[in-house]
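Trainee: This is the structure, below, for whatever I ask next.
In full-length UniProt numbering, the protein residues as written are 1 to 357.
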């Protein structure tokens, strides 16, 4: 297993990091094993600590063993039971029979024994030249299966493909995935019913979901998407979406508009920087079914789209600023250096397998 790391929601950390169960899921705080000395009544005891958000945590059952009180988990009520008048026991007693709670049916437990799994080897469809030590075939399969399964019954839970992503590679992978965010948000995901997550802290699967806060924006653009869907070619669609976004924004490198404000009624153009244009354009392309991601230098961002069988550049911010089709469906751009060319090559094959062969 690669270098151990994990992300936890704070509230879940008590149930997963401290109790050692399989209820953790990725969401925002980095946790990793840390070294610390523990004493009980002056006697040193061995406990494994985990650093989360600047604090150290240990498993609740480990504390129970050190101090000699019993800790059990009641799955029926999703509760932790601490009995200070009972000695610690390795074997948890059978849970008491209780009336079912008025909630969704509990998921069956999910245990893994390998460091990657996918329904099929999607990577065989891709250009092998895009694979690197970070962007490998296993990562491709995990992400590609999520993209294929969006909106189906296979889009969550233990049906997600997964791989392992080390702590050293995690930031790079997260930035690459973030370049796809538009209509959908892509996030590191771990099933809550994964029982042995603590053994595979590098576990990496990907979720894809439209944020609830985007619903109004999505509804707002439906007349535009209806128009686009009647067009014959991807190029026509991209040009129309470029012009539409230019009608909503005006370039200002110090301003932030955002999807929710941009795609809502307003009496005048909103000010937005290049990142606004690029992110908003991904939102529009996602709604229109056009593969799209962001590409950037150290100080500028724009888009690449897969239109009519090829990857092309679109810089809506520049097109709006210069009041012309400055970079619109361009095969290349000059005087710009891609910050992450390996990630760009990988993204092209993720969104359109075989497109760079």
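Even for Gly, the Cβ is constructed at its ideal location relative to N, Cα and C.
Going straight from the alpha carbon of residue 184 to that of residue 349, what length do you get?
Mentor: Position 184 of the chain shown, counted from the first residue, corresponds to residue 184. Position 349 of the chain shown, counted from the first residue, corresponds to residue 349. Cα to Cα, the separation comes out at about 18 Å.
Trainee: Per the DSSP calculation, residue 189 is bridged to which residue(s)?
Mentor: Stepping through the chain shown from its first residue, residue 189 is reached at position 189. Under DSSP, residue 189 shares a beta bridge with 205.
Trainee: What did DSSP end up calling residue 257 once you bin it into helix, strand or coil?
Mentor: Stepping through the chain shown from its first residue, residue 257 is reached at position 257. Three-state result, residue 257: coil.
Trainee: Once you ignore the five residues that flank residue 277 on each side, which residues in its own chain have a CB closer than 6 Å to its CB?
Mentor: Locating residue 277 in the chain shown gives position 277, where the first residue counts as 1. So the qualifying residues of the chain are 316, 317.
Trainee: From residue 363 to residue 169, what does the alpha carbon distance come to, in whole angstroms?
Mentor: There is simply no residue 363 to check, as the chain begins at 1 and stops at 357 in what is shown.
Trainee: Assign residue 41 to buried or exposed, taking buried as 16 or more other Cβ atoms, counted over all protein chains shown, within 10 Å of its Cβ.
Mentor: Sequence index remark: in the chain shown, residue 41 carries index 41 (1-based). The residue in question, residue 41, is exposed, as its Cβ has fewer than 16 Cβ neighbours within 10 Å.
Trainee: Under 7 Å Cβ to Cβ from residue 354, same chain only, skipping five residues before and after it: list those, please.
Mentor: Translated into positions along the chain shown, residue 354 becomes position 354. For residue 354, where only same-chain residues beyond five positions count, the Cβ hits under 7 Å are 125, 126, 127.
Trainee: Name the DSSP beta bridge partners of residue 292, please?
Mentor: For the purposes of this step, residue 292 is identified with residue 292 of the chain shown, where counting begins at 1. Paired residue(s): 305.
Trainee: What are the partner residues of residue 283, as DSSP defines its beta bridges?
Mentor: Numbered from its first residue, the chain shown carries residue 283 at position 283. DSSP output for residue 283 lists no bridge partner at all.
Trainee: Can you round the beta-carbon distance between residue 161 and residue 142 to whole angstroms, since I take them to be within the 8 Å contact cut?
Mentor: As a first step, residue 161 must be located in the chain shown, where it is residue number 161. As a first step, residue 142 must be located in the chain shown, where it is residue number 142. About 4 Å separates the two Cβ atoms, so the contact holds.
Trainee: Going by DSSP, which residues form a beta bridge with residue 58?
Mentor: Locating residue 58 in the chain shown gives position 58, counting from the first residue. BP columns for residue 58 point to 49.
Trainee: Tell whether a beta-carbon distance below 9 Å holds between residue 242 and residue 325.
Mentor: To locate residue 242, count along the chain shown from 1; it is residue 242. To locate residue 325, count along the chain shown from 1; it is residue 325. Closer than 9 Å, so yes.
Trainee: Checking the sheet assignment: what are the DSSP bridge partners for residue 313?
Mentor: Taking the chain shown and counting its residues from 1, one reaches residue 313 at position 313. Answer is 304, 330.
Trainee: Could you tell me which of 121, 172, 194, 117 sits nearest to residue 109, measuring between CA atoms?
Mentor: Within the chain shown, the letter at position 109 stands for residue 109. Among 121, 172, 194, 117, the Cα nearest to that of residue 109 belongs to 194.
Trainee: Per DSSP, what kind of secondary structure is residue 163 in: helix, strand or coil?
Mentor: On the chain shown, position 163 is the one that residue 163 refers to. Strand.
Trainee: Taking only the alpha-carbon atoms, compute the straight-line gap between residue 136 and residue 171 and give it to the nearest angstrom.
Mentor: What you label residue 136 is simply residue 136 of the chain shown in a count that begins at 1. What you label residue 171 is simply residue 171 of the chain shown in a count that begins at 1. When rounded, the distance between both Cα atoms is 15 Å.
Trainee: Evaluate the contact criterion for the region 256-272 versus the region 333-345: three or more CB pairs, one atom per stretch, below 8 Å.
Mentor: Segment contact: the region 256-272 against the region 333-345, fewer than three CB-CB distances shorter than 8 Å; contact not assigned.
Trainee: Within its chain, find whatever has a CB closer than 6 Å to the CB of residue 115; leave out the 5 residues flanking it on each side and keep chain order.
Mentor: Here residue 115 refers to the residue found at position 115 of the chain shown. Closer than 6 Å at the Cβ level, and outside the excluded window around residue 115, lie 164.
Trainee: Can you give me the C-alpha to C-alpha distance between residue 333 and residue 199, rounded to a whole angstrom?
Mentor: What you label residue 333 is simply residue 333 of the chain shown in a count that begins at 1. What you label residue 199 is simply residue 199 of the chain shown in a count that begins at 1. For residue 333 and residue 199, the distance between alpha carbons rounds to 46 Å.
Trainee: Report all residues from its chain with a CB closer than 6 Å to the CB of residue 211; omit the five preceding and five following residues, and keep chain order.
Mentor: The sequence position of residue 211 within the chain shown is 211, counting from 1. Short of 6 Å from the beta carbon of residue 211, and not among the five residues preceding or following it, lie these beta carbons of its own chain, in chain order: 185.
Trainee: Name the residue from 322, 323, 288, 327 whose alpha carbon lies nearest to the alpha carbon of residue 304.
Mentor: The residue labelled residue 304 in the question sits at position 304 within the chain shown. Comparing Cα-Cα distances from residue 304 to each of 322, 323, 288, 327, the minimum goes to 327.
Trainee: Taking C-beta to C-beta, are residue 313 and residue 295 nearer than 9 Å?
Mentor: For the purposes of this step, residue 313 is taken as the residue at position 313 of the chain shown. For the purposes of this step, residue 295 is taken as the residue at position 295 of the chain shown. Taking 9 Å as the Cβ cut-off, residue 313 and residue 295 qualify as a contacting pair.
Trainee: Please name the residue in 221, 47, 275 whose C-alpha comes closest to that of residue 285.
Mentor: In the chain shown, residue 285 corresponds to position 285, counting from 1. Ranking the options by Cα distance to residue 285, first place goes to 221.
Trainee: Along the chain, where does the alpha helix (DSSP H) containing residue 347 start, and where does it finish?
Mentor: As a position in the chain shown, residue 347 is number 347, starting the count at 1. 341-351 is the extent of the alpha helix (DSSP H) around residue 347.
Trainee: Kindly list the residues whose CB is nearer than 6 Å to the CB of residue 301, restricted to its own chain and excluding five residues on each side of it in sequence; keep chain order.
Mentor: As a position in the chain shown, residue 301 is number 301, starting the count at 1. Only 274, 275, 278, 294 meet the Cβ criterion.
Trainee: So what's residue 298 in DSSP terms, helix, strand or just coil?
Mentor: Position 298 of the chain shown, counting from 1, holds the residue named residue 298. If DSSP states are grouped into helix, strand and coil, residue 298 belongs with coil.
Trainee: With a CB to CB cut of under 6 Å and the five nearest residues on each side skipped, what residues in its chain are close to residue 123?
Mentor: The residue you call residue 123 lines up with position 123 of the chain shown. Contacts found: 137, 140, 141.
Trainee: Measuring only the C-alpha atoms, how far is residue 147 from residue 83?
Mentor: Within the chain shown, the letter at position 147 stands for residue 147. Within the chain shown, the letter at position 83 stands for residue 83. Annotation: residue 147 to residue 83 spans about 46 Å, alpha carbon to alpha carbon.
Trainee: Closest to residue 69 by C-alpha separation, out of 244, 60, 81, 87, would be which residue?
Mentor: As a working note, residue 69 is residue 69 in the chain shown. Among 244, 60, 81, 87, the Cα nearest to that of residue 69 belongs to 87.
Trainee: Return helix, strand or coil for residue 225, following the three-state DSSP convention.
Mentor: On the chain shown, position 225 is the one that residue 225 refers to. Residue 225 falls in the helix class under three-state DSSP.
Trainee: Could you pull out every residue in the same chain whose Cβ sits closer than 6 Å to the Cβ of residue 157, ignoring the five residues on either side in sequence?
Mentor: Locating residue 157 in the chain shown gives position 157, where the first residue counts as 1. 191, listed in sequence order.
Trainee: Looking at the unbroken alpha helix (DSSP H) that takes in residue 237, where does it start and where does it end?
Mentor: Here the question's residue 237 lines up with position 237 in the chain shown. For residue 237, the enclosing alpha helix (DSSP H) stretches over residues 234-248.
Trainee: Assuming contact is defined by CB atoms lying nearer than 9 Å, are residue 72 and residue 65 in contact in what I supplied?
Mentor: Within the chain shown, the letter at position 72 stands for residue 72. Within the chain shown, the letter at position 65 stands for residue 65. Their beta carbons are not under 9 Å apart, which means residue 72 does not touch residue 65 by this criterion.
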